[in-house]
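Undergrad:
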Amino acid sequence: MKRFLTLLVIGIVGLIVISISNATDVHAEGEVIVVRGDEILLSAQLLQNGTYGDPVPDQVISFYDAILDVCLGSALTNQEGYASIIWSIPSNHPLGITPVNVTFLGNESLALASSSQWAYIHILSRSQIIIEHYSETLHPNDYFLLELTLLNDMNEPIAGAQVSLFSIASEMASSTTNETGYAFFMFQCNLTWSSLGINDFLVKFEQSLESHHSEAEISLQYTVEQIESVIDLDTSLPANVNLADTLEFQLHLETHEGRTPNSVLDLLINNALFDSITTNQNGDAMVQISIDSRFFLGPNTVRIEYNGTDRNAATYIEVNFNVISPVLLDTKIPTNVVLGIDNIFRIEVSDTLGRYIPNSVVNLHDLLSGEEMSTRIAYSLTYVDVPFAFKDCIGSHSLEIRITGNNYISNTTHFQDVVVWSQPNLVIISNSILGYASPSQGISFEVKLKDHNGGISERLIELKGLDNETIEIFTTNSEGVAEIHLVAPVIENVYVFTLFYYGTQSGLELSANLSYPFVVTRVMPVTIQTDSYEITPPAQEIIVNFMIRGLNGTYLKDVDFSYTWNKITMTATSQENGFVSIHLPILGIGTHILHYQTKVQPTIASCYGNIMIVVSEADALAAQGVGVSGLTLSILLSIIIVGIPLIYKRNIIS
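In our numbering, each residue carries its 1-based index in the sequence shown increased by 15.
1) Do L280 and L288 come within 9 Å of each other at the CB atom, strictly closer than that value?
2) Could you check the C-alpha separation between E632 and H598 for me, to the nearest Å?
3) On the premise that S577 lies in contact with T586, defined as a C-beta separation below 8 Å, what is that separation, rounded to the nearest angstrom?
4) Whose C-alpha, out of I424, H380, N528 and C408, is nearest the C-alpha of N440?
5) If you pair each beta-carbon of the stretch 519-528 with each one of the stretch 543-550, do three or more pairs fall below 8 Å?
6) Only counting the same chain, and skipping five residues up and downstream in sequence, which positions put a Cβ closer than 8 Å to that of I604?
7) Could you name each continuous beta strand (DSSP E) segment of 3 residues or more that falls completely within the stretch 298-340, going from the start of the chain to the end?
8) Q143 lies in the beta strand (DSSP E); which residues open and close that run?
9) How is G605 classed by DSSP in three states: helix, strand or coil?
10) Please determine, among E415, V352, S395 and L396, the residue with the shortest C-alpha to C-alpha distance to A404.
11) Straight-line CA distance for D168 to S124?
12) Applying the criterion that 16 or more other CB atoms from any shown protein chain within 10 Å of the CB defines a buried residue, is A554 buried or exposed?
13) Output needed for L283: all residues of its chain with C-beta closer than 6 Å, excluding positions within five of it in sequence on either side, in chain order.
14) For N446, tell me which candidate among Y197, P540 and E498 has the shortest Cα-Cα distance.
15) Within the stretch 401-445, note down every full beta strand (DSSP E) run reaching 3 residues or more, in order along the chain.
16) Quick check: what's the CA-CA separation for I82 versus Y135?
17) Helix, strand or coil: how does DSSP classify G593 here?
18) Near G645, what residues of its chain come up, given a Cβ to Cβ distance below 8 Å and the 5 sequence neighbours on each side ignored?
19) Could you name each continuous beta strand (DSSP E) segment of 3 residues or more that falls completely within the stretch 201-263, going from the start of the chain to the end?
20) Are any of the Cβ atoms in chain C nearer than 9 Å to that of L478?
21) Grab me the residues of N286's own chain with a C-beta within less than 8 Å of its C-beta, minus the 5 sequence neighbours each way, in chain order.
22) Measuring straight from C-alpha to C-alpha, what distance separates C204 and Y149?
23) Output the distance between the C-alpha atoms of F311 and N214, rounded to the nearest integer angstrom.
24) Three-state secondary structure (DSSP) at D482?
25) Are the beta-carbon atoms belonging to L165 and I145 less than 9 Å from one another?
26) So, does the stretch 495-512 touch the stretch 463-471, judging by three or more C-beta pairs under 8 Å?
27) Whose C-alpha, out of Q63, R274 and T390, is nearest the C-alpha of A128?
28) For A59, which of helix, strand or coil comes out of DSSP?
29) What three-state label does DSSP hand D84 in the structure shown?
30) With a threshold of 6 Å on Cβ separation, who are the neighbours of R370 within its own chain once the five nearest residues in sequence on each side are excluded?
31) Within 10 Å of its beta-carbon, does Y394 have 16 or more other beta-carbons around it, so buried, or fewer, so exposed?
32) Which residues in the same chain as L648 place their Cβ atom closer than 7 Å to its Cβ, once the five residues preceding and following it in sequence are excluded?
33) In chain order, what residues of the same chain have a beta carbon less than 8 Å from the beta carbon of I104, not counting five sequence neighbours either side?
34) The beta strand (DSSP E) that contains Y548, what's its start and end?
35) Below 8 Å on the Cβ atoms is my contact criterion, and I expect L198 with S209 to pass it. Report the Cβ-Cβ distance as a whole number of Å.
36) Please go through the same chain and pick out, in chain order, the residues whose beta-carbon is closer than 6 Å to the beta-carbon of I339, but skip the five residues on each side of it.
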């Protein structure tokens, strides 16, 4: 990872910005820390000290090593004012802090004065860890040995340094190097901090700024092995086994040191522990297993496991055989199977004992349309819900159901007759009110009767009221649309009108309905809509536009509208289409709240709210007539140029 140090200096007529990057991910008190032999990038930016701080291209920037009093190189600035060199730090460079000087000699023709800058680099010697010897292969309770030498980049020993040994993230041990840089580790191997197989150690020496030595680390691997154990069968087993059969076989356990008596063996059926046995004095054991509900159809595995000891390795042996059974299948069909949507069919699949069939896949095939769907039954379940969409036509379909995925089952194909219906839907596509209406107000809306093929024409739509009485019957046009016109009741209350389509048995169309609730009231709630405000610095004002609309769908004219800005309350009146535009003075920098509300009127309810308006520093300065130069001078110390837009919009915060 690269590190960057950036220093800023303001010159008389110029600015140099220095960046130093290296590959060492360390730093101390603002210093850049590097190692001898590294290549680092020295970069400087030359800026003309003026209104905009423009980069100055095609100027010579020189870099100097103040310790060795040598020029490290020079480069021309590019179009962004940057000049860079690569410094390969010599392997014999003095250690410690090295000042680096960056100088621009000036350019009279461009009226640029000279400027310079300093950066400080802490140069370290590259440390290295040499592994002399270590234990690469161990058994539990053996001793781990490690010998190493710690050297600097001149191959000189680093004496009196602490070297640590880590296993994963924890420190195992530490040792101090002697006068020859030698360190030694020894400790007992166990399975608390190590594991069987390949393990990793990290040997690490921490960086020392006092002695100017860099960090060093090295990884090594070692293997922990146990003495091999073996389980042998003394009896052969059949490839296929039927339910209710009994498996019987003899085995023995041994290592290269001989038979292993009085050892516990775990018996697992399909990875589930069901029994344990113990070897006799000769290391032998007899196994008897009943083939019952613990076994699935298809491949089954009996696994005999020996967990081992600290010294002896764990081992196991597996015995594989097959169990065969016909399929029991049952299909649960939805009450109404609808064309063009996913209908959920529950398919129950099991063996003769009602158990899960491993890897079983349910395949559905519509013999009329050719549509297919396959779904795997989840592990341990005896059913699956299959979404299946019938296409092309309504009417009678023949559904083929096949069970695949397991080679140890029979009776796998079944057929099911299904009647497919069309499911129309009623949808409101336009509406003249927003959930409220005035007494006797005319209400109109359009509804569309459609199914998966689109609009359904020449169908009767029945409009009913609260007491389920029929108000009127409408007929859909060629696009399935019916225009509904009604008059709101006179009495204030909550009303619900319901639209019904009763479907057709002969056409295999299901029924559909749609309820529409609304409130009849003489005092109409209103909504005040606005989504933006506009700050206009030249006019020193903020323009906010509102739209006042009744929830019965009408835009309200001549509504008294009041608003409070900077603790001053003012009024306005809505115009045509409910439009209200207000002009506010620009306040100080910050977030200000504009409160507003409509006045209560005999037929209009009051509505109030607020929005947050943010005035930035640029807005305030522009409104006060401060130009770009003034703004630039106010932020010169941070060398940031800010452009001020004259007119722009912001989204409302709330």
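Every residue, glycine too, gets a C-beta built ideally from N, C-alpha and C.
TA: With the given structure in hand:
1) Walking along the sequence shown from the start, residue 288 turns up at place 273. Walking along the sequence shown from the start, residue 280 turns up at place 265. The answer is no: Cβ separation not under 9 Å.
2) One-based indexing of the sequence shown puts residue 632 at position 617. One-based indexing of the sequence shown puts residue 598 at position 583. Roughly 20 Å separates the two Cα atoms.
3) Stepping through the sequence shown from its first residue, residue 586 is reached at position 571. Stepping through the sequence shown from its first residue, residue 577 is reached at position 562. Right, the Cβ-Cβ distance comes to about 5 Å (below 8 Å), so this counts as a contact.
4) The count along the sequence shown starts at 1 and reaches residue 440 at position 425. The candidate whose alpha carbon is nearest that of N440 is N528.
5) no
6) The residue given as residue 604 occupies position 589 in the sequence shown. These residues qualify, in order along the chain: V630, S631, E632, D634 and A635.
7) 299-305, 313-321 and 330-338
8) Residue mapping note: residue 143 aligns to position 128 of the sequence shown, counting from 1. Judged by DSSP secondary structure, Q143 falls within the beta strand (DSSP E) whose first and last residues are Q143 to Y149.
9) By one-based count along the sequence shown, residue 605 stands at place 590. The answer is strand: DSSP assigns G605 an E or B state.
10) Taking the first residue of the sequence shown as 1, we reach residue 404 at position 389. When each option's Cα is compared against that of A404, the closest is V352.
11) Within the sequence shown, residue 168 is the residue found at index 153, counting from 1. Within the sequence shown, residue 124 is the residue found at index 109, counting from 1. Their Cα atoms are separated by approximately 49 Å.
12) Working through the sequence shown from its first residue, we reach residue 554 at position 539. Exposed, by the Cβ-count rule.
13) Residue mapping note: residue 283 aligns to position 268 of the sequence shown, counting from 1. Within the same chain, L283 has close Cβ partners R318.
14) Sequence index remark: in the sequence shown, residue 446 carries index 431 (1-based). Here the closest residue by C-alpha is E498.
15) 410-419 and 428-436
16) Within the sequence shown, the letter at position 67 stands for residue 82. Within the sequence shown, the letter at position 120 stands for residue 135. Between the C-alpha atoms of I82 and Y135 there is a straight-line separation of about 11 Å.
17) Counted from its first residue, the sequence shown places residue 593 at position 578. Here G593 sits in helix by DSSP.
18) Against the sequence shown, residue 645 aligns to sequence position 630. Below a pLDDT of 50, predicted positions are generally treated as unreliable, and G645, at 38, falls in that range; no measurement from the model is reported.
19) 212-220, 231-239 and 244-248
20) Absent from the structure: chain C. Only one protein chain is present.
21) On the sequence shown, position 271 is the one that residue 286 refers to. Here the set comprises T316 and R318.
22) Stepping through the sequence shown from its first residue, residue 204 is reached at position 189. Stepping through the sequence shown from its first residue, residue 149 is reached at position 134. Cα-Cα distance, rounded: 13 Å.
23) Position 296 of the sequence shown, counted from the first residue, corresponds to residue 311. Position 199 of the sequence shown, counted from the first residue, corresponds to residue 214. Taking the straight line joining both Cα atoms gives about 39 Å.
24) In the sequence shown, counting from the first residue as 1, residue 482 sits at position 467. Coil.
25) Counting from 1 along the sequence shown, the entry for residue 165 is found at position 150. Counting from 1 along the sequence shown, the entry for residue 145 is found at position 130. Yes, they are a contact pair.
26) Pairwise C-beta distances place the stretch 495-512 in contact with the stretch 463-471, as three or more of them are shorter than 8 Å.
27) Residue 128 sits at position 113 when you count from the first residue of the sequence shown. Checked all of Q63, R274 and T390; the closest Cα to A128 is Q63.
28) The count along the sequence shown starts at 1 and reaches residue 59 at position 44. Strand.
29) To locate residue 84, count along the sequence shown from 1; it is residue 69. In the structure shown, D84 sits in coil (DSSP, three-state: anything other than H, G, I, E or B).
30) For the purposes of this step, residue 370 is taken as residue 355 along the sequence shown, with counting starting at 1. Correct list: empty, nothing qualifies.
31) The residue you call residue 394 lines up with position 379 of the sequence shown. So Y394 counts as exposed.
32) Residue numbering aside, residue 648 sits at position 633 when the sequence shown is read from its first letter. With a pLDDT of only 31 at L648, under 50, the local geometry of the prediction cannot be trusted, and the value read off the model is given with reservation. None.
33) Against the sequence shown, residue 104 aligns to sequence position 89. Excluding positions up to five away in sequence, the list reads V49, V50, R51, G52, D53, E54, I55 and I138.
34) As a working note, residue 548 is residue 533 in the sequence shown. Where Y548 is concerned, the enclosing beta strand (DSSP E) stretches over S547 to T551.
35) Numbered from its first residue, the sequence shown carries residue 198 at position 183. Numbered from its first residue, the sequence shown carries residue 209 at position 194. Note that residue 198 is Ala in the sequence shown, not Leu. Approximately 21 Å separates the beta-carbon atoms of A198 and S209; this is outside 8 Å, ruling out the contact.
36) Looking up residue 339 in the sequence shown gives position 324. Excluding positions up to five away in sequence, the list reads Y423.
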